[in-house]
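Taking it in order: structure first as structure tokens, then the write-up.
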Amino acid sequence: MNNASQPLEGTPLIAPSSTDHPLYDQVVEACRSVYDPEIPVNIYELGLIYTIDITPENEVNIIMSLTAPGCPVAGEMPGWVADAVEPIPGVKQVDVQLTWEPPWGMDMMSDEARLELGFM
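All you need for the working numbering is the position in the sequence shown, starting with 1, plus 20.
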């Protein structure tokens, strides 16, 4: 019996990104230009950008997290990301949402970020 109200087993906590969209790489590069003021690594390498979803109409929806809910720039960081992505030619609109699920962890950092921060 399949109970539809149960979450699908194996459903990813982090939704997949539109990696095949022509604007995807430019959006990633824009995200790489945003830094957490307390950490000398960009938010993309830190693993704070969970999902970059780009519609066929070039509307960019970004789901991101922060290293901690008490992060002093929590209220500003989504705006910084939107400001970085909006100027990309072809982007129609940008929506950035904060999430705490799943909570960010150091295992989400790229090797580059770990190296930069001395964890490797």
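We treat Cβ as the ideally placed atom computed from N, Cα and C, and that holds for glycine. These numbers come from a predicted model, not from an experiment.
> What distance in whole Å lies between the Cβ atoms of T39 and E70, which are believed to be in contact at a cut-off of 8 Å?
Replying inline: According to the sequence provided, residue 70 is Tyr. The question's Glu does not apply to it. So it is not a contact: roughly 13 Å between Cβ atoms.
> In whole angstroms, what separates the C-alpha of L135 from that of M126?
Replying inline: 12 Å
> Mind pulling the beta strand (DSSP E) runs of 3 or more residues that sit fully within the region 56 to 110?
Replying inline: 69 to 74 and 79 to 84
> Just the Cα atoms here: how many angstroms apart are M97 and D56?
Replying inline: 8 Å
>> Taking only three categories from DSSP, how would you classify L135?
In response: helix
> Candidates I34, E106, P36 and D131: which alpha carbon is nearest E79's?
Replying inline: E106
> Any idea what DSSP makes of D45, helix, strand or coil?
Replying inline: helix
> Is D40 helix, strand or coil by DSSP?
Replying inline: coil
> M128 and V101 look like a contact to me (Cβ under 8 Å); what is the Cβ gap, rounded to whole Å?
Replying inline: With a Cβ gap of about 16 Å, M128 and V101 do not count as contacting.
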